[in-house]
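S.K.:
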Ligand SMILES: Cc1cc2nc3c(=O)[nH]c(=O)nc-3n(C[C@H](O)[C@H](O)[C@H](O)COP(=O)(O)O)c2cc1C
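Numbering (the working numbering), first residue to last: 149 to 547.
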């Protein structure tokens, strides 16, 4: 309740990025008081092994993590872990430092529990982030890498190879992000042939490092269903370790036709509750293709223990959130963990990991979406212009 009031009367009146920075600083200052971070961690992190999940060669205290974009520069993952998250995906990090796009570049849509961002990967560069992550981390920390804006698209493979090499020894897993809409030319890297070349280059680079981390790709929601299937097959074929799905969307119809028609939606990627249905759908498709051979991290519209639970039953070993944490506040992870724990025990299981993929993905998720009054987005059939297959209004994200 205190956070709700603070959000409504203070944070929501500030520029969204300034509020984000302010929240990070307040948390940092509070946790810098001797003993406070340790106490918070003791109170908020799961204390038994019900939620413990083994995946990607790591042990996660809970399958709930922080999605990429929250800690872009590796400066507050320790504090986020202390709030009860099982892991943090730092980044997106690029090989060279860059300032990102013009501000303002994060916009709130509180009624829809959504955000729109056009950040463009502001970050201090792979070398600095690797130094911050170091070798001793208080929990599982992934690194998410992307394209450096200033480099030409022809240099994209070398660009990612460089970031992968620099970060390999400083993260627990590495995600190749080809799905953020705010970097020119990046979405085109989701083309199967181009992505194959990119991933082979990164794998080759990682093979030269002493500790190659597990390698995953992050896919976007605006792909056609058939493209999702092909990319899932590619991940299997290249023996990747997992898939993170989904990133933000540039389809304004996710925010409803009136917002789309009125032009009230700034350019950028949409995240939050409106993505829920598409994220479920993409998870279902990928799981149908890869089974339990790859680790699936489901992200997009996860705003409650119920939603996280359903994703796990539908085949996600791990789940992540960004927008719901912004709207939910510092105790959000604690609440979701509590809900996941009680659901696990209620069905007679002792470990949540034993339940991954045991639900009937179709029936469980569909029943839920109908009950919640979700409106499925337009069908994304394969076509010459796949991402615009439905009536959703598409526009270019800001560069
Ligand atoms: C402000 C903001 C910045 C983001 N930055 C990144 C990023 O740098 N890299 C990335 O892969 N995803 C980024 N994302 C996408 C999230 O990781 C996540 O995929 C998406 O927001 C859907 O999850 P949600 O509905 O829980 O927010 C960002 C999202 C937001 C809202």
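Glycine included, every Cβ here is placed at the ideal spot set by N, Cα and C.
Note that the structure is predicted; figures quoted are calculated from it, not measured.
CB of residue 471 to nearest heavy atom of ligand 1: below 7 Å?
M.R.: Here residue 471 corresponds to residue number 323 of the chain shown, with the count starting at 1. Checking every heavy atom of ligand 1 against the Cβ of residue 471, one is found closer than 7 Å.
S.K.: Would you check if the distance between the CB atom of residue 291 and the CB atom of residue 360 is smaller than 8 Å?
M.R.: Taking the first residue of the chain shown as 1, we reach residue 291 at position 143. Taking the first residue of the chain shown as 1, we reach residue 360 at position 212. No, Cβ-Cβ distance for residue 291 and residue 360 is not below 8 Å.
S.K.: Among residues of its own chain, excluding the 5 on either side of residue 453, which ones have a beta-carbon nearer than 6 Å to its beta-carbon?
M.R.: Here residue 453 refers to the residue found at position 305 of the chain shown. Same-chain partners within the cutoff: 484, 487, 488.
S.K.: Applying the criterion that 16 or more other CB atoms from any shown protein chain within 10 Å of the CB defines a buried residue, is residue 444 buried or exposed?
M.R.: Locating residue 444 in the chain shown gives position 296, where the first residue counts as 1. Classification for residue 444: buried.
S.K.: Counting along the chain, where does the alpha helix (DSSP H) carrying residue 468 start and finish?
M.R.: The residue you call residue 468 lines up with position 320 of the chain shown. Where residue 468 is concerned, there is no enclosing alpha helix (DSSP H), although the beta strand (DSSP E) it sits in stretches over 466 to 469.
S.K.: For residue 477, verify whether its CB is less than 7 Å away from any heavy atom of ligand 1.
M.R.: Position 329 of the chain shown holds residue 477. Answer for residue 477: no, Cβ out of range of ligand 1.
S.K.: Should residue 312 be listed as close to ligand 1, given that the test is whether its C-beta is under 7 Å from any heavy atom?
M.R.: Counting from 1 along the chain shown, the entry for residue 312 is found at position 164. Because no heavy atom of ligand 1 lies under 7 Å away, the Cβ of residue 312 does not count as near it: no.
S.K.: Does the distance from the C-beta atom of residue 208 to that of residue 225 stay below 8 Å?
M.R.: Stepping through the chain shown from its first residue, residue 208 is reached at position 60. Stepping through the chain shown from its first residue, residue 225 is reached at position 77. Their beta carbons are not under 8 Å apart, which means residue 208 does not touch residue 225 by this criterion.
S.K.: Distance check for residue 215 and residue 182, CA to CA, integer angstroms please.
M.R.: The count along the chain shown starts at 1 and reaches residue 182 at position 34. The count along the chain shown starts at 1 and reaches residue 215 at position 67. The straight-line gap from Cα to Cα measures roughly 28 Å.
S.K.: Using a Cβ-based criterion (distance less than 7 Å to any ligand heavy atom), does residue 288 qualify as near ligand 1?
M.R.: Start at 1 with the first residue of the chain shown, and residue 288 comes out as number 140. Residue 288 Cβ: outside cutoff for every heavy atom of ligand 1.
S.K.: Less than 8 Å between CB atoms is the rule here; does residue 256 satisfy it with respect to chain C?
M.R.: Reference to chain C is not applicable here, since this structure consists of a single protein chain.
S.K.: Can you look up residue 351 in the DSSP assignment and give me helix, strand or coil?
M.R.: Taking the first residue of the chain shown as position 1, residue 351 is located at position 203. Note: residue 351 maps to helix in three-state DSSP.
S.K.: Using a 10 Å radius around the Cβ and a threshold of 16 neighbouring Cβ atoms, would you call residue 267 buried or exposed?
M.R.: By 1-based counting over the chain shown, the position of residue 267 is 119. Result: buried.
S.K.: If you follow the alpha helix (DSSP H) that residue 226 is in, where does it begin and where does it stop?
M.R.: Here residue 226 corresponds to residue number 78 of the chain shown, with the count starting at 1. Its alpha helix (DSSP H) spans residues 225 to 230.
S.K.: Which value, in whole angstroms, describes the spacing of the CA atoms of residue 168 and residue 402?
M.R.: For the purposes of this step, residue 168 is taken as residue 20 along the chain shown, with counting starting at 1. For the purposes of this step, residue 402 is taken as residue 254 along the chain shown, with counting starting at 1. For residue 168 and residue 402, the distance between alpha carbons rounds to 24 Å.
S.K.: Taking 7 Å as the cut-off, is the beta-carbon of residue 244 closer than that to any non-hydrogen atom of ligand 1?
M.R.: Here residue 244 refers to the residue found at position 96 of the chain shown. No, Cβ of residue 244 sits at least 7 Å from all heavy atoms of ligand 1.
S.K.: Rounded to a whole number of angstroms, what is the C-alpha to C-alpha distance between residue 159 and residue 173?
M.R.: On the chain shown, position 11 is the one that residue 159 refers to. On the chain shown, position 25 is the one that residue 173 refers to. Whole-angstrom Cα-Cα distance: 13 Å.
S.K.: In the DSSP assignment, find the alpha helix (DSSP H) that holds residue 200 and state where it starts and stops.
M.R.: By 1-based counting over the chain shown, the position of residue 200 is 52. Element bounds for residue 200: n/a, residue is neither H nor E.
S.K.: Apply the 10 Å Cβ neighbour rule to residue 301 and answer buried if 16 or more other Cβ atoms are within range, or exposed otherwise.
M.R.: Within the chain shown, numbered from 1, the residue matching residue 301 stands at position 153. Exposed is the call here.
S.K.: Are the beta-carbon atoms of residue 322 and residue 365 separated by less than 8 Å?
M.R.: Taking the chain shown and counting its residues from 1, one reaches residue 322 at position 174. Taking the chain shown and counting its residues from 1, one reaches residue 365 at position 217. Cβ distance not < 8 Å, so residue 322 and residue 365 don't count as in contact.
S.K.: If we require 3 or more residues per run, which beta strand (DSSP E) segments fall completely within the stretch 377 to 456?
M.R.: 390 to 393, 417 to 420, 443 to 447
S.K.: Measure from the alpha carbon of residue 459 to the alpha carbon of each residue in 482, 335, 431, then state which is nearest.
M.R.: Counting from one through the chain shown, the residue named residue 459 turns up at place 311. Answer by Cα proximity: 431.
S.K.: With DSSP as the reference, please indicate the residues paired to residue 271 in a beta bridge.
M.R.: Walking along the chain shown from the start, residue 271 turns up at place 123. Residue 271 is bridged to 246.
S.K.: Should residue 328 be counted as a contact of ligand 1 given a C-beta to heavy atom distance under 7 Å?
M.R.: Numbered from 1 along the chain shown, position 180 holds the residue referred to as residue 328. It does: the Cβ of residue 328 is within 7 Å (strictly closer) of some heavy atom of ligand 1.
S.K.: Cβ atoms of residue 194 and residue 551: under 8 Å apart, would you say?
M.R.: The structure shown has nothing for residue 551, since the chain only spans 149 to 547.
S.K.: Contact between the stretch 254 to 265 and the stretch 307 to 316: three or more CB pairs below 8 Å?
M.R.: no
S.K.: Excluding the 5 residues flanking residue 280 on each side, which residues of the same chain have their C-beta closer than 8 Å to its C-beta?
M.R.: As a first step, residue 280 is located in the chain shown; it is residue number 132 there, counting from the start. The answer, listed in chain order, is 221, 222, 223.
S.K.: Looking only at DSSP bridge pairs, what is residue 365 linked to?
M.R.: One-based indexing of the chain shown puts residue 365 at position 217. DSSP output for residue 365 lists 324, 391 as bridge partner(s).
S.K.: Is the Cβ-Cβ distance between residue 474 and residue 263 less than 8 Å?
M.R.: The residue given as residue 474 occupies position 326 in the chain shown. The residue given as residue 263 occupies position 115 in the chain shown. Between residue 474 and residue 263, the C-beta gap is smaller than 8 Å, which places the two residues in contact.
S.K.: Which of the three DSSP states, helix, strand or coil, is assigned to residue 485?
M.R.: As a first step, residue 485 is located in the chain shown; it is residue number 337 there, counting from the start. Helix at residue 485.
S.K.: Is residue 267 close to ligand 1? I mean its beta-carbon at under 7 Å from any heavy atom of the ligand.
M.R.: Walking along the chain shown from the start, residue 267 turns up at place 119. Correct: residue 267 has its Cβ closer than 7 Å to ligand 1.
S.K.: Taking three-plus beta-carbon pairs below 8 Å as touching, is the stretch 435 to 442 in contact with the stretch 413 to 420?
M.R.: no
S.K.: Taking the straight line between their C-alpha atoms, what separation do you get for residue 506 and residue 442?
M.R.: The residue given as residue 506 occupies position 358 in the chain shown. The residue given as residue 442 occupies position 294 in the chain shown. C-alpha separation (whole angstroms): 15 Å.
S.K.: Output yes or no for whether 8 Å exceeds the beta carbon distance between residue 448 and residue 329.
M.R.: Position 300 of the chain shown holds residue 448. Position 181 of the chain shown holds residue 329. Result no, Cβ atoms of residue 448 and residue 329 do not sit closer than 8 Å.
S.K.: Which value, in whole angstroms, describes the spacing of the CA atoms of residue 299 and residue 374?
M.R.: Within the chain shown, residue 299 is the residue found at index 151, counting from 1. Within the chain shown, residue 374 is the residue found at index 226, counting from 1. Each residue's alpha carbon lies about 30 Å from the other.
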